[in-house]
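Taking our numbering, the leading residue of the sequence shown gets 641, the next gets one more, and so forth. C-beta: ideal position from N, C-alpha, C; glycine also. Quick caveat, the model's predicted, so the values are computed rather than measured. Input: a single structure, listed below in structure tokens.
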Amino acid sequence: MTTQGTKESLGRDVDDVAIERFTAEYGRELPPIVIVIAAYNEEQGIGDVVRAIPSSVEGLPTATVVVVDGSTDGTAAEARKAGAMVCDVPVNRGQGAALRLGYRIAREGGAEYIVTTDADGQYDPADIPRILAPVLHGEADFATGSRILGRQETHDLVRRLGVHVFARLISLMTGQRITDTSFGLRAMRAEVTGAVELRQPQYQSSELLIGVISRGYRVKEVPATMRLRVAGTTKKGGNLVYGYRYSRVVLGTWLRERRRRSSASASAASAGAGADRRGVSANTK
């Protein structure tokens, strides 16, 4: 087995055990809307985030699932105290891996819609109904907030420039205009998360976005607010490290999706040619 295969196998084992424990604690059924939060050492802010999440949206009840990704502090306890359903994973694997686990919990629990937000308080839970609305109303399969269309509090010029650069790059790659590729407050139909190939352990926001667009799902951006982090520290490094690693994920995902489409087209062409040959053969008998 390859190193990648071994990691994926171990990841599935960790997920299976985590889901088994989660189900034993909370049962199998979840409400129609599940808010998934990945959290790693965010005890100072996670409680306020969870308490601010609406208990229902347009009459549909919500549940908040916090996937605690190997935290060494009191994140799990604070999330539980605030009213979240907590899936406590003993190893730190990254935000992407934690979100994938949360998606699976939501899907297997029967959720129809999944919303993601971050544990650090940078996204305003009051924006959740507006971002979810296009999906609830059948106007989109995937909706994401945009600080460019809305508002951002950071004065970091490098980060602001990076948002524009990556938005332009992914817009060119996918053929769809996007203004903000890394906004973490998103809403989607639950089945979308199972249809898109997701591998990234950390810089997963662009992977999901590119995958969703490449598979023909309807995407809509909604103006939203990006606040300053209220507690804790970022786990994704400084601007240069973040930019380099994010670039690798963008390019890698785009190439992977391009190969997938090419392979699918070749298979379809081959199947069509085979059908034509069978038709000719039948007509000559």
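Quiz item: Roughly how many angstroms separate the alpha carbons of residue 849 and residue 767, rounded to a whole number?
Solution: 19 Å
Practice problem: Please report the Cβ distance between residue 732 and residue 758, rounded to the nearest whole angstrom; I am assuming they are in contact, meaning their Cβ atoms lie under 8 Å. | Solution: Rounded, the Cβ-Cβ distance is 16 Å, inconsistent with contact.
Quiz item: Curious, which full-length beta strand (DSSP E) runs of at least 3 residues does the region 788–861 contain?
Solution: 826–829
Quiz item: With DSSP run on the structure shown, which of helix, strand or coil describes residue 778?
Solution: coil
Exercise. Would you kindly work out how many angstroms separate the C-alpha atoms of residue 773 and residue 728, rounded to a whole number?
Key: 30 Å
Quiz item: Short check: CB of residue 670 to CB of residue 750, under 8 Å?
Solution: yes
Self-check item: Beta-carbon contacts of residue 840 that lie in its chain and below 6 Å, excluding the five residues immediately before and after
Solution: 736, 847, 889
Self-check item: Assigned exposure category for residue 653 - 16 Cβ within 10 Å defines buried
Solution: exposed
Quiz item: Closest to residue 843 by CA distance: which of 656, 881, 674 is it?
Solution: 881
Practice problem: Kindly list the residues whose CB is nearer than 8 Å to the CB of residue 656, restricted to its own chain and excluding five residues on each side of it in sequence; keep chain order. | Solution: none
Practice problem: Count the other CB atoms, across all protein chains shown, that sit within 10 Å of the CB of residue 798; report buried if there are 16 or more and exposed otherwise. | Solution: exposed
Quiz item: residue 857 to residue 898, Cα distance in whole Å?
Solution: 16 Å
Quiz item: What's the C-alpha gap between residue 871 and residue 684?
Solution: 6 Å
Quiz item: Going by other Cβ atoms of all chains shown within 10 Å of its Cβ, with 16 needed for buried, is residue 696 buried or exposed?
Solution: exposed
Quiz prompt | Residues bridged to residue 709 (per DSSP) | solution = 729
Exercise. Tell me whether residue 884 is buried or exposed, calling it buried when 16 or more other Cβ atoms sit within 10 Å of its Cβ.
Key: exposed
Quiz item: Going by Cα to Cα distance, which pick from 790, 902, 894 is closest to residue 866?
Solution: 790
Quiz prompt | Classification of residue 765 by the beta-carbon crowding that lies within 10 angstroms, buried from 16 upward | solution = buried
Quiz item: When you compare only the Cα positions, how much space is there between residue 783 and residue 739?
Solution: 17 Å
Quiz prompt | Residue nearest to residue 933 in terms of C-alpha spacing, selected from 679, 776, 715, 886 | solution = Since the first residue of the chain shown is 641 and the last is 925, residue 933 is not available in this structure.
Exercise. Please go through the same chain and pick out, in chain order, the residues whose beta-carbon is closer than 8 Å to the beta-carbon of residue 699, but skip the five residues on each side of it.
Key: none
Quiz item: What's the call for residue 786, buried or exposed, on a 16-neighbour Cβ count within 10 Å?
Solution: buried
Quiz item: Mind checking whether residue 682 and residue 781 have CB atoms under 8 Å apart?
Solution: no
Quiz item: Nearest CA to the CA of residue 824: which residue from 812, 747, 688, 862?
Solution: 862
Exercise. Look up residue 722 in the DSSP assignment and say whether it is helix, strand or coil.
Key: coil
Quiz item: By Cβ distance, which residues of its chain are closer than 6 Å to residue 701, with the 5 residues on each side in sequence left out?
Solution: 671
Quiz item: So what does residue 677 bridge to, in DSSP terms?
Solution: 706
Quiz item: Which one of 819, 795, 770 has the shortest CA to CA distance from residue 806?
Solution: 819
Exercise. With DSSP as the reference, label residue 757 as helix, strand or coil.
Key: coil
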